[in-house]
Amino acid sequence: MKTAIITGGGSGLGKELGKLLSQQGYHILLLGRTEDRLKEAGTEIEHIGGQVSYSTLDIRSTHDIHQFCRDHLNDRKVELLIHNAGVGYFGPFEESSDDELISMFETNALGPIRLTKALLPKLEQESTIINIISTAGLRGKKNESLYVASKFALRGFGESLQKEYEATDLRIVNAYMGGMDTPFWENSDHISDPSRLRSPKEVAETIVNEFQEKDEIVIESKK
1 MKTAIITGGG SGLGKELGKL LSQQGYHILL LGRTEDRLKE AGTEIEHIGG QVSYSTLDIR
61 STHDIHQFCR DHLNDRKVEL LIHNAGVGYF GPFEESSDDE LISMFETNAL GPIRLTKALL
121 PKLEQESTII NIISTAGLRG KKNESLYVAS KFALRGFGES LQKEYEATDL RIVNAYMGGM
181 DTPFWENSDH ISDPSRLRSP KEVAETIVNE FQEKDEIVIE SKK
C-alpha cells in the first residue's frame, strides 16, 4: 500500500487531504503537535474505511524529525509527502517580535526542508512532494511581511528542487491557496470572519484532483 505523510494532519486542510487520499489507496500517516487532534482526525479517516496511523511531531525540532524516521518508517517507502503544517503572526512589521520571526521560519520553511532531507532515502523515484505554501508565497501582503517571507522561502526551496530533480521521476508540487476556514485563525484577529473563506475540503479536493498533472496549483481566495 502506498504511504502518504501529511504534516499538520490533525485538522483543517491536512485532515481533509488525509480523508480524500485514504480513498485513493494511500495509508495515511498524520503528523502534528497535538495528539488529541491527530487521534480525532485518524478516527474520521477510519470511519470512511481508510487506513491511518499518526505520530506527534514538532516540525521545528530536528530531533523529532530524525526520531520519527527511525521509529516509524523502517523499511517503508513514502510515495507522497505533504508539507502542510504552518503558523502565522500578523500585524505591522515594526511591532513584530524575534520569537514570531523564528517560529514562522522554523515551522513554514526550515521544518519542511529538514523533513524532506531526512526522508529522501524513503522517497521512491515516482514519489511526490507537495508544498502547501498559500498565496503569501506569490506576492507581498500588508501586515504579513514575516509570514510572506517564510512562504517565499518555501516556494524557492520547492522551485529549486523542481530544477534539481527534473531529470528524475521525483515530482515537487507547489500549491498556493488563499485563506481557508480552519483553526489557523483561532488566535488571530487578522481575518474578522473566517467563515467567508473557502472550506479546507474544497481546497483539498482541488489539490487531490490536480497534483498528479501539475507542478503548480493556484487556488485564489473567494472574491
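Going by our numbering, the residue at position 8 of the sequence shown is 8; the numbering climbs one at a time, nothing skipped. Virtual Cβ for every residue (Gly too), placed ideally from N, Cα, C.
Start-to-end residues for the alpha helix (DSSP H) that takes in residue i
i    : result
Q67  : T62 to H72
N209 : P200 to E210
S233 : Since the displayed the chain opens at 1 and closes at 223, residue 233 lies outside it and no answer follows.
M104 : D98 to F105
T43  : E35 to H47
A149 : S145 to E164
R114 : G111 to L119
Pair within 9 Å by beta-carbon distance, residue i and residue j
i    : j    : result
I65  : G14  : no
L138 : V218 : yes
V208 : L20  : yes
G42  : Q23  : no
G8   : I59  : yes
K214 : V148 : no
A109 : K151 : yes
Status (buried if at least 16 other CB within 10 Å, exposed otherwise) for residue i
i    : result
L123 : buried
I82  : buried
R70  : exposed
L31  : buried
G156 : exposed
S221 : exposed
S160 : exposed
A85  : buried
G25  : exposed
T168 : exposed
S134 : buried
R76  : exposed
Strand pairing of residue i, partner residues [DSSP]
i   : result
L30 : I6 and Y54
Opening and closing residue of the beta strand (DSSP E) in which residue i lies
i    : result
T278 : The displayed coordinates of the chain run from 1 to 223. Any statement about residue 278 would go beyond what the structure contains.
E220 : Where E220 is concerned, there is no enclosing beta strand (DSSP E), given that its DSSP letter is neither H nor E.
*asked:* Would you call the segment 95-109 in contact with the segment 43-57, where contact means no fewer than 3 C-beta pairs closer than 8 Å?
replied: no
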